[in-house]
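First residue of the sequence shown: 2, per our numbering; consecutive thereafter.
Note that CB positions come from ideal geometry on N, CA and C, so glycine has one too.
Values in this document were obtained by computation on a predicted structure and should not be read as measured data.
Heads up: the structure comes next, in structure tokens.
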Amino acid sequence: MNNFWKNVGYPLCIMIVGGLLVRFLNAYVPREVIIVLIAATCFAFGVSLHYGKRSNGWIQKFIVAFFFIFFIFWDLGYIVLPQLKYAFDVVGIQGFVIYLFYVFCGWSFFK
């Protein structure tokens, strides 16, 4: 039962608590805070999906953190590169795909 809670319960709790926080705070805090909260929730969900031995390699964590912060700033609109925006539009990297990338960053942070 403990292994079941670790593999299923933690990710489920993160989804529920994160969803409720975003839902309730949406009317009271600025859009930027909501985007950062969504990114943090997706990252925490990704971390909870990775079970097993965790890596201590700092280079991988640095690269993952760089891309995570880059996509947060991209989502907030602070980084605007026309050529990259065009490439993202062609490939289809928008909205939901960026949230999936946050989950992937969380999952690969300790891999």
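Confirm, please, whether the CB-CB distance from residue j to residue i is below 8 angstroms.
| i | j | result |
| --- | --- | --- |
| A41 | I15 | no |
| P12 | S49 | yes |
| F110 | K62 | yes |
| C43 | V104 | yes |
| I60 | F71 | no |
| G10 | G47 | no |
On the three-state DSSP scale, how would you describe residue i?
| i | result |
| --- | --- |
| R24 | helix |
| S109 | helix |
| L38 | helix |
| S49 | helix |
| G93 | coil |
| V30 | coil |
| I60 | helix |
| G10 | helix |
With a CB to CB cut of under 6 angstroms and the five nearest residues on each side skipped, what residues in its chain are close to residue i?
| i | result |
| --- | --- |
| I73 | A40 |
Leaving out five residues before and five after residue i in sequence, what residues of the same chain have Cβ atoms less than 8 angstroms from its Cβ?
| i | result |
| --- | --- |
| F89 | Q95 |
| I36 | I73, D76, L77 |
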